[in-house]
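**Student:** One structure, pasted below without further comment.
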Amino acid sequence: MDRRRLFLGHVKSLLPTNPLAPKGPHRRHPKMLPDGARERLLETVNAARDRLVVTWLADGGLRIGELCGLHLVDLHLRENAACGECRAPHLNVCHRPGNPNRAEAKTKHRWQIERGTVTGGLIKRVSPAMVHTYFEYVTTEYLGGAGYGMLLVQLYGADTGRPWVPVGARRMLGRAGKRAGLGPVKPHAFRHSFTSAVLDAADGNLLIARDAGGWASAAMVDEVYDLEAEWTEGAIQRITTENTTLKQRVRQLTTDNRTLDERLKAARSNLRFQDRRMADLEAQITNPSQGVQ
3 MDRRRLFLGH
13 VKSLLPTNPL
23 APKGPHRRHP
33 KMLPDGARER
43 LLETVNAARD
53 RLVVTWLADG
63 GLRIGELCGL
73 HLVDLHLREN
83 AACGECRAPH
93 LNVCHRPGNP
103 NRAEAKTKHR
113 WQIERGTVTG
123 GLIKRVSPAM
133 VHTYFEYVTT
143 EYLGGAGYGM
153 LLVQLYGADT
163 GRPWVPVGAR
173 RMLGRAGKRA
183 GLGPVKPHAF
193 RHSFTSAVLD
203 AADGNLLIAR
213 DAGGWASAAM
223 VDEVYDLEAE
233 WTEGAIQRIT
243 TENTTLKQRV
253 RQLTTDNRTL
263 DERLKAARSN
273 LRFQDRRMAD
283 LEAQITNPSQ
293 GVQ
């Protein structure tokens, strides 16, 4: 239950998070990855770094700027990490506008480093596949980041070891998509697929999708994925009936409230009269010579 969505709590004590949420698979977003794209891409790419990119975009729902902007200290890939913010393996996505590769997270949650441990930022859980590709990458290809401490680095050419720029990751995915017969693959397509999968698993719960994907609001998720388009006629009729009942109840409560308010005003007037009468009686007792007025 989502208590932030409770409407007229004095009328109903419980309300489903989204009573109109359609059951079963949701409508595909037009910019989602084709079916089986992840597997075909993993078979096509050659470097462990590139397999990490595909896996982390698919399983983490990361934006490409968030992924390329990760530092090694942002990774808490074991249970009960020192940050104490999440028991499961996770990432702390931090907004760093000064990254040398100009990659930065879109979200700007507050974060800090305490005794070498990052806390705060946007916390995103990681899958076992993400952990596996990370260790494959750092044990076979990672070149130390040339002292920058960033996760993704250039593997070839004059800039070997320097932080990998987002445009490099985009181009890698585009080339891999063409070789796999998928056409140009864009990083954000992974995010659409991820969010749609979360909505399917959560029965359309917008808050879960918002938190899992790091969206600004549940309303934005609803707008982007157009869940209203999937509402059935029965669901619409049900919510219309519930809405009519609630409106009637609101009108009744408004009338009751007005009646109670009038009674309260009358009671306060009577109380003021009684207070004045008591004051007069006290004055007569104190000075009997005045007599009854």
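Here the sequence shown is numbered in the working numbering, starting from 3 and rising by one per residue.
For glycine and all other residues, C-beta sits at the position ideal for the given N, C-alpha and C.
1) Which residue spans inside the segment 102–169 form an unbroken beta strand (DSSP E) run of at least 3?
2) Please name the residue in P168, E143, G149 and Q254 whose C-alpha comes closest to that of L157.
3) Using 10 angstroms around the beta-carbon of L43, count the other beta-carbons present and answer buried if the total reaches 16, otherwise exposed.
4) Who are L77's beta bridge partners in DSSP?
5) Express the C-alpha separation of G176 and P186 in angstroms, rounding to a whole number.
6) Taking its Cβ as the centre, do 16 or more other Cβ atoms sit within 10 Å of M280, making it buried, or is it exposed?
7) Flag this pair as touching only if the segment 190–202 and the segment 61–80 have three or more C-beta atom pairs under 8 Å; answer yes or no.
8) Report the three-state DSSP secondary structure of D280 (helix, strand or coil).
9) Relative to the C-alpha of V226, which candidate in L208, T243, Q239 and R240 has its C-alpha closest?
10) Which residue comes first and which comes last in the alpha helix (DSSP H) that contains R65?
11) Are there three or more Cβ pairs, one per stretch, closer than 8 Å when the segment 77–96 is compared with the segment 161–175?
12) On the three-pair Cβ rule with 8 Å, is the segment 68–84 touching the segment 100–111?
**Tutor:** Let me lay it out:
1) 113–116, 119–122 and 124–127
2) E143
3) buried
4) L93
5) 4 Å
6) exposed
7) yes
8) In the sequence as presented, Asp is not what sits at residue 280; that position holds Met. Reduced to three states, the DSSP call for M280 is helix.
9) L208
10) Looking at the DSSP string, R65 is not in any alpha helix (DSSP H), and its letter there is neither H nor E.
11) no
12) yes
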